[in-house]
Structure formats: structure tokens, C-alpha cells
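In this note's numbering, the protein residues as written are 1 to 443.
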Amino acid sequence: MPTRNTQSGFLLLAILLLSACGSDSGFNEDTDFISKNGFVQFVNMMPDSPEVTMFHGRDRETSRFPFAQAARQTPVDKYDWRIAYLDANDDEVTVAEGENQPILEDGLSTYLWMGSLSQPNIQIVDAPFIVSSNRPAGVADIWFASNLTNPPMVDIYLTDLGATLTDAAPLASVTSGSFTSRFSVDAGPDQQVRITVSGSNELLFDSGSLEILNKTEDLYALVDDFGPDGAKHVNVIRTIGSIGSTILDESQPASVRIGNYSEQSPVTAMLGAAVYPNINKQTRSSSQEAENGSFEFKITDASDTILEESPGPVTIRGGAFQSIYTFENNTTDATSVTRSLIAIDSFRLVRDRVLLKFINGSNELVDVYILRPGQDLDEVPALLNDISFAAQQNIESIANEVEYVVRNSDNTETLASMSNTQQAGVSYTLVFDTQGVLHVLTD
């Protein structure tokens, strides 16, 4: 057993060793404990992707299609990574994985999730990360990546706004499943990105007026389009800003239909110059093409009495399927017989998922639950909380037998419920009307 003197000797030795470390000429307390960092970003370009999780080292992030994440700072190291999702049986499926992928000091690693869930093509692009303050004024760096099902190759033009396309030369050409180098371009407003089938003037995308932000780097990711006439168009997402965003395609029209869930029947709707005649109660009209822009909206009954007239123009987004749903106006301060709201529809096929929208046409503030067999309300959190007169759209739900339950926001009363077998790849719209009836519509 050590004696008291021996323990004191050990303590003195430890103090001397620590003192020696602190006086070592090779030690610098201002630099030796500073973490070295790089940057990483993830871009989900897989067209059949549900919400997936990226495991990167100890970090995990969820991502849906299409999404381009802003670059985030990450300590320099080698990381194992894995992309995974839950299938219809709640089993975790690994899409792709890798080991010992380095994050370099002052470097940017961009993970391009290309291909599809069954045939992933994950490409990791490393490049220097240059902070804005170290970039030259008046210019920006841009680059492009493509995961298009069709066409296999496209030409990309960057011009002044309104420049004649036939007089311009492509800035870049890119084949599907690949990416370009960086291009240094003039920054500023009133520019225009257009994309054509390679070697032709067949227009697939037109950004309209676009600003290239000064002293930045921006990735433009080309992905499949699921809007009207989507086979002849592409979607473009960009990484600039806090989150990736889809650029509006000025060359692609919208498609709009009207749903009558009021107590009036039939009704006629007018959106700008477009007329939707004789829409019976609890039905939706056929879709009509509409231009990108804002239009007056009006509902009339069979005797041409105006039931509703929008107080201002209704905005229609080009390149998207949209539905306008009309309900009885039972509000206490109602100045019209009906009132309407607009929702964006999505018909993308998603692996092991359905796409779900909830339309609340009532005056109630409601919560929405989706229960699977054997589940109770007290063990499942609400899918949606405190939804007023609004459209909550394009929520992913696992393909399975379910029960939809609409409750008041105080969670004291069930207002409506309905069972359904959700089929993968199908889009469902839940419409809760002013009579407390829940309609399940299928696309």
C-alpha cells in the first residue's frame, strides 16, 4: 500500500510534468487548440425520394426532393456517411453509404444525391470554400449538376434579360448524372438562365428575370419536373441563401381546377378569362391551362348571381398544378355566400409513400391525426396542429391502412374520421367542409 510520502511524491512529479508541458517551446495556446474546419452540403436530386436521413459522422439531417442545402461548417476529419429512409413496414433501408470521406480544411464537399433510390449515383464534389469577403467584387461563381431522366444532355445559357437565344452561345453543356466546373460570371440583376435540349432551341426552362448575387457561389441543380407538361420541362433548384429554392419556370404554364364543396350547386367559376361552368356540389372540374400571374376570381350560381368575388387578384404559379376549393361562407362577418382557397397539387411518384393534402374549409380550428391499425389518439402526435381556413399541402405519409381523424384544436372532440388504404404513389386530398364532412379525394 503506498505511503503518504509516496503519494506526495507522485503529486509533485505530476506538477513538474505539467509545468514542463506549459513551458515547451513547441506549444502555442493560441493556435494548438483551434479547430480546423471545412464545409459540407447535401443536394437531394433523386426524383422518387421520400424524406430521407443523411447520417454524416454523428450528425443527421432530413431532406426531401428537391432540396439543396446551404453549406454548413464541419470540423476537419474523415467521416462515415449513410443515406437511409423508412419503407412501408417502418424498416430502415440504406440507399447509399461510404467510409472515411474527408472534410478538408477550408474546403467545400458537396454531396450530389443523383440516380434513384434503387440505383443511387452519389457524387461528392470537393472544391475550395472561399468566404464572401475574400471574393472579388462584381462577380460570382456558379456551377451546374444534372439528374434528368430526359433529355440526356442539355445546353445552359446565361444572358442579359431578353437577349435573343439564337444569338447566344451556351455557357455550359451537361449530361445527366454529371456536373460542370465553376464559372466566374458577372453579378447583378436582370439576367436570365435558359436551358435547351442540347444542340437545339427546344426550350426546357426559362428563369425570366434573375439576379446573380455578388461575391457568392451558387449551384444550379437540374432535376425532373412534375408539373404540367413536365416531360418537356426541367426544374432548377439553387443553393444560394439559407435553404435551396426552386426557380420559377417562366416557360411553363400552370394547370388549375375548381372544387365545389359549398352548399350551392351548380356553380360557375371564372379565373381571369378562363371559365369553369356548372360545377356540381362535391365535385372538381377538369383542369385548364393558366398563365403565370395574378387574376380576378369569381363564383356565380345557375342564375348568374355573384356568390363570391375575390377582393384582389389570385396568384397562379406557373409550372404547377393548382386547385381552388370553394366553401360556404359561414363566418360571422361574411360579405359573400362562398369563400375559396387555393392549394398546390403534386403528382410525383414517391417510393413507399403517398402525398397528402389537408384542406380545412370550415370555421373550426382543427388538429389532424393519421392512425395506423392498433394505434390510439393518446399515443400518436397530431400530424397537423391548429389549422384554420387554409390548405396544408403535400405531406408525406407511409403507404398503409390508416384512419384520418379531425379533432378540435382543444383535442376534446372528434369532428370527423374516415378509414383508407393508402396506396404508394397516389396523391390524396382531405377536404373538411363547413358541414363537418371529411371528403377523401384521390389523384
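Think of the CB as a built atom: it goes at the ideal place given N, C-alpha and C, for glycine as much as any other residue.
Quiz item: In whole angstroms, what is the alpha-carbon distance linking phenylalanine 33 and glutamate 99?
Solution: For phenylalanine 33, the predicted model reports a pLDDT of 47, less than 50, meaning its position is unreliable and no value from the coordinates is stated.
- By DSSP, does aspartate 443 sit in helix, in strand, or in coil? Look at aspartate 443 here: in three-state DSSP terms it is coil, with no helix or strand label.
### Message
Quick check: what's the CA-CA separation for serine 109 versus serine 118?
### Response
Spanning the two alpha carbons is a distance of roughly 24 Å.
Checklist entry - Taking only beta-carbon atoms, is valine 354 less than 8 Å away from chain C? => result No chain C is part of this structure, which consists of one protein chain only.
Rounded straight-line distance, which links the Cα of phenylalanine 65 to that of leucine 355: Each residue's Cα considered, the two are about 12 Å apart.
Give the straight-line distance between the Cα atoms of isoleucine 324 and tyrosine 276, rounded to the nearest whole angstrom. Counting only the Cα atoms, tyrosine 276 lies some 11 Å from isoleucine 324.
DSSP bridge partner residues for phenylalanine 321 (one or two, in chain order)
Answer by DSSP bridge pairing, in chain order: Ser255, Asp345.
Distance, Cα to Cα, aspartate 155 vs leucine 415?
-> The alpha-carbon of aspartate 155 is positioned some 54 Å away from that of leucine 415.
**Report entry** Sub-8 Å separation of leucine 384 and valine 405 beta-carbons
**Finding:** Not a contact, by the Cβ cut-off of 8 Å.
Note to self: Could you tell me the alpha carbon to alpha carbon distance between threonine 331 and alanine 187, rounded to whole angstroms?
What the structure shows: Between threonine 331 and alanine 187, the C-alpha separation is close to 50 Å.
- Per DSSP, the bridge partner or partners of isoleucine 398: Its beta-bridge partners are Arg353.
Inter-stretch contact at 8 Å, needing at least 3 Cβ pairs: the region 355-365 / the region 387-395 | Result yes; three or more Cβ-Cβ pairs closer than 8 Å.
Contacts around leucine 158, its chain only, beta-carbon distance under 7 Å, and the 5 residues preceding and following it disregarded: So the list reads Leu171, Val185, Gln191, Val193, once near-sequence residues are dropped.
For this session: Could you tell me which residues DSSP puts in a beta bridge with aspartate 218?
Result: Looking at the DSSP assignment, aspartate 218 forms a beta bridge with Ile142.
Sort Ala273, Val402, Gln69, Pro128 by Cα distance to tryptophan 113 and report the nearest one.
The closest CA to that of tryptophan 113, considering only Ala273, Val402, Gln69, Pro128, is found on Gln69.
By a C-beta neighbour count over all protein chains shown, 10 Å radius and 16 as the cutoff for buried, is glutamine 422 buried or exposed?
-> By the neighbour-count criterion, in which a residue is buried when 16 or more other Cβ atoms sit within 10 angstroms of its Cβ, glutamine 422 is buried.
Rounded straight-line distance, which links the Cα of glutamine 41 to that of tyrosine 111: So the alpha carbons of these two residues sit roughly 6 Å apart.
_Pull the bridge partners of threonine 315 from the DSSP assignment, please._
Looking at the DSSP assignment, threonine 315 forms a beta bridge with Ser294.
Valine 93 vs aspartate 87 beta-carbon contact at 8 Å: Contact annotation: valine 93 and aspartate 87 have beta-carbon atoms nearer than 8 Å.
Considering only the beta carbon of each residue, do glutamate 309 and proline 253 sit closer than 8 Å? Proline 253 is positioned such that its CB atom lies no closer than 8 Å to that of glutamate 309.
Quiz item: Between phenylalanine 347 and phenylalanine 432, is the Cβ-Cβ spacing less than 8 Å?
Solution: Contact: no.
Between which two residues does the beta strand (DSSP E) holding aspartate 410 run? Per DSSP, aspartate 410 is not a residue of any beta strand (DSSP E), being assigned neither H nor E.
Tell me whether aspartate 345 is buried or exposed, calling it buried when 16 or more other Cβ atoms sit within 10 Å of its Cβ. It is buried - the Cβ of aspartate 345 has at least 16 other Cβ atoms within 10 Å.
**Asked** Using DSSP with H/G/I as helix, E/B as strand and the rest coil, what is alanine 231?
**Response** It is helical.
For this session: Find the nearest neighbour of phenylalanine 129 within the set Gln73, Ala269, Met54, Asp224, judged by alpha-carbon distance.
Result: If we check each option's Cα against that of phenylalanine 129, Gln73 comes out closest.
- Task: Can you check DSSP and say which residues form a bridge with glutamine 422?
- Result: According to DSSP, which records beta bridges pairwise, glutamine 422 is partnered with nothing at all.
Problem - Rounded distance between the beta-carbons of aspartate 443 and isoleucine 398, thought under 8 Å - result: Contact flag wrong, Cβ pair sits at about 18 Å.
Can you give the Cα-Cα distance for glutamate 291 and serine 181, rounded to whole angstroms? Between glutamate 291 and serine 181, the C-alpha separation is close to 35 Å.
Three-state class that DSSP yields for leucine 377 in the structure shown | Here leucine 377 sits in helix by DSSP.
Mapping the DSSP letters down to three states, classify aspartate 91 as helix, strand or coil. DSSP places aspartate 91 in coil when its eight states are reduced to three.
Open item on the list: Could you check whether valine 440 and asparagine 420 sit closer than 8 Å to each other, using their CB atoms as the reference points?
Closed with: In contact: asparagine 420 and valine 440 (Cβ atoms closer than 8 Å).
ask   = Does DSSP classify aspartate 304 as helix, strand or coil?
value = In this structure, aspartate 304 counts as coil in the three-state DSSP scheme.
Review point. Pick from Gln282, Lys232, Ile103, Lys281: whose alpha carbon is nearest that of asparagine 201?
Key: The candidate whose alpha carbon is nearest that of asparagine 201 is Lys232.
- Message: Below 8 Å on the Cβ atoms is my contact criterion, and I expect serine 251 with leucine 203 to pass it. Report the Cβ-Cβ distance as a whole number of Å.
- Response: So it is a contact: roughly 5 Å between Cβ atoms.
Which term fits aspartate 24, buried or exposed, when burial requires 16 or more other beta carbons within 10 angstroms of its beta carbon? At aspartate 24, the pLDDT of 49 sits below 50, so the modelled position is not reliable; the number obtained from the coordinates is stated separately. Looking at its Cβ environment, which holds fewer than 16 other Cβ atoms inside 10 Å, aspartate 24 is exposed.
Note to self: Could you compute how far the alpha carbon of isoleucine 195 sits from the alpha carbon of threonine 315?
What the structure shows: Each residue's Cα considered, the two are about 25 Å apart.
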